[in-house]
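Line by line, the protein sequences are chains W and F.
According to our numbering, the first sequence is numbered sequentially starting from 9.
According to our numbering, the second sequence is numbered sequentially starting from 596.
For every residue, glycine included, the Cβ atom is placed at its ideal position computed from N, Cα and C.
Every value quoted in this text rests on a predicted model; they were computed, and no experiment measured them.
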Amino acid sequence: MDKLVAQYPNDVKVVFKNFPLRSHKQANKAALYALAAGRQGKYHEMHNAIMAQFRDLKNNEDLPLQLADEMGLDIQLLQEDITDPALQKQIYQETNELRSTGLRLAVPKILINGEEFDRKKPLEVHVKELIDRAS
Amino acid sequence: MKSQMKMILFTLVTLLLIGCNNNEQSLLVLIKEKDLVIEQLKKKNAQILEKIAEKDSELIKLTSKENPSKSKEPQQATLKDGTKILAYNWEIAPKETFNIPVGDSYYIGAKDAKVTVIEWMDYQ
Chain W
9 MDKLVAQYPN
19 DVKVVFKNFP
29 LRSHKQANKA
39 ALYALAAGRQ
49 GKYHEMHNAI
59 MAQFRDLKNN
69 EDLPLQLADE
79 MGLDIQLLQE
89 DITDPALQKQ
99 IYQETNELRS
109 TGLRLAVPKI
119 LINGEEFDRK
129 KPLEVHVKEL
139 IDRAS
Chain F
596 MKSQMKMILF
606 TLVTLLLIGC
616 NNNEQSLLVL
626 IKEKDLVIEQ
636 LKKKNAQILE
646 KIAEKDSELI
656 KLTSKENPSK
666 SKEPQQATLK
676 DGTKILAYNW
686 EIAPKETFNI
696 PVGDSYYIGA
706 KDAKVTVIEW
716 MDYQ
């Protein structure tokens with residue numbers, strides 16, 4: 009996604025929405041950490057860092073704390089923020105947005121200009137076509 | 596004799612009342628048990644749906660790694676009005692457009708971009 013935006017900085021916007029599966033015990037907490045990092049201006053950095061080490065989350069649900077420390081975030085504030093109901097509410101909101109579509113609840117799920125990405129073509133090719141069409 | 600009859604009648608009525616009361620109580624217990632079973636089934640159902648979603652996610656990851664254009668299998672989809680469709684060719688299949696707001700979600704890229712990509716994900 010980063011490459012896509014780097015390639016078309018004026019033409020593409022990538023929105024990240026959470027859909028933590030209940031069977032993935034640490035996923036919801038990781039999402040809370042990412043949103044809390046966002047309050048300190050580091051959402052994307054935290055998002056990418058967790059994604060890069062997602063396998064380690066299973067044995068260490070507080071892995072994001074280590075990552076936050078490396079990023080120089082305020083750890084105490086981060087821990088307070090993950091308990092803020094507003095963040096959990098945002099996750100529910102984002103989850104419900106996918107549910108409201110009636111689409112298959114499998115993640116990652118991608119919509120491009122409101123249409124489900126069918127993966128028939130590589131994402132970048134599909135996006136390029138849409139940009140060309142809109143130009 | 597009359598008093599004996601009265602006594603017998605009284606006993607019978609009392610037994611009948613106790614019987615009804617016990618019956619009502621046992622029915623309430625039965626209803627509670629059924630409710631419990633329903634709750635357990637609902638929980639199991641939710642767990643199964645989650646597992647299906649999880650497997651679907653794995654499948655998506657695997658097929659996209661293999662070859663995104665390789666999949667020729669028909670795909671099930673549900674339109675917004677609840678209609679189930681089986682699409683063999685997504686190029687001609689009716690595609691629904693969903694209007695999902697950015698809301699408070701984080702994004703990268705230009706605010707007024709021509710193309711908006713929305714990705715739902717989880718971190719595991």
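*Do W/L106 and W/N121 come within 9 Å of each other at the CB atom, strictly closer than that value?*
In this structure, W/L106 does not lie closer than 9 Å to W/N121 by Cβ.
Practice problem: Using a Cβ cut-off of 9 Å (strictly closer), state whether W/M79 contacts chain F. | Solution: Between W/M79 and chain F, the shortest Cβ-Cβ separation is not below 9 Å.
At what residues does the alpha helix (DSSP H) containing W/T103 begin and finish? It spans P93 to T109 - the alpha helix (DSSP H) in which W/T103 sits, taken as one unbroken run.
Contacts that F/S652 makes with chain W (C-beta to C-beta distance below 8 Å) = Ordered by position in chain W, the residues that pass the 8 Å Cβ test against F/S652 are L29, A114, V115 and P116.
Starting from W/M54, trace the alpha helix (DSSP H) in both directions and tell me its first and last residue.
Note, W/M54: alpha helix (DSSP H), Y51 to A60.
Please state whether the Cβ-Cβ distance between F/V710 and W/Y16 is less than 9 Å.
Yes, the pair counts as a contact, with Cβ atoms nearer than the cut-off.
*asked:* Can you look up W/N67 in the DSSP assignment and give me helix, strand or coil?
replied: Coil, per DSSP.
* To do: Tell me F/L718's beta-bridge partners as DSSP assigns them.
  => Reading the sequence as shown, one finds Tyr at residue 718 of chain F and not Leu. DSSP lists no partner for F/Y718.
### Query
Short check: CB of W/P72 to CB of W/K37, under 9 Å?
Yes.
Task: Listed by chain order, chain F residues near W/K66 by CB distance under 8 Å - done: For W/K66, the chain F residues whose C-beta falls within less than 8 Å of its own C-beta are Q719, listed in chain order.
**Prompt:** Using a C-beta to C-beta distance shorter than 9 Å, which residues of chain F count as neighbours of W/E123?
**Reply:** Listed along chain F are K690, E691, T692 and F693, each with a C-beta nearer than 9 Å to that of W/E123.
Going along the chain, which residues of the segment 625–652 of chain F sit with their C-beta nearer than 9 Å to a C-beta in chain W?
Listed by position along the chain: A641, Q642, L644, E645, K646, I647, A648, E649, K650, D651 and S652.
Rounded to the nearest angstrom, what separates W/D82 and W/A60 at their Cα positions?
Using only the alpha carbons, I get a separation of about 21 Å.
For a cutoff of 9 Å on Cβ pairs, would you count W/D70 as touching chain F?
So no, W/D70 is outside the interface.
### Message
Strictly under 9 Å for the Cβ-Cβ distance: is F/I613 near chain W by that measure?
### Response
By the rule that beta-carbons nearer than 9 Å mark a contact, F/I613 does not touch chain W.
Cβ pair W/D19, W/A142 closer than 9 Å: Yes, the Cβ-Cβ distance between W/D19 and W/A142 is below 9 Å.
- Beta-carbon contacts of F/E649 that lie in its chain and below 8 Å, excluding the five residues immediately before and after: Taken in chain order, the list of residues that qualify is empty.
W/Q39: contacting residues in chain F (beta-carbon distance under 8 Å):
In the sequence on display, residue 39 of chain W carries Ala and not Gln. D717 and Y718, listed in chain order.
- Message: Between which residues of its own chain and W/V115 is the CB-CB distance below 6 Å, once the five residues before and five after are set aside?
- Response: So the qualifying residues of the chain are F27.
Practice task
Measure the alpha-carbon distance for W/D64 versus W/H55 and round it to whole angstroms.
Solution key: Their Cα atoms are separated by approximately 14 Å.
> Can you tell me whether DSSP reads W/E123 as helix, strand or coil?
Replying inline: DSSP places W/E123 in strand when its eight states are reduced to three.
Quiz prompt | Residue closest to F/I713, alpha-carbon to alpha-carbon, out of W/E102, W/G110, W/R47 and W/P130 | solution = Distances from the alpha-carbon of F/I713 to those of W/E102, W/G110, W/R47 and W/P130 put W/E102 closest.
query = Considering only residues of the same chain and omitting the five flanking positions on each side of W/A44, which have a CB-CB separation below 7 Å?
reply = L86, D89, I90 and L95, listed in sequence order.
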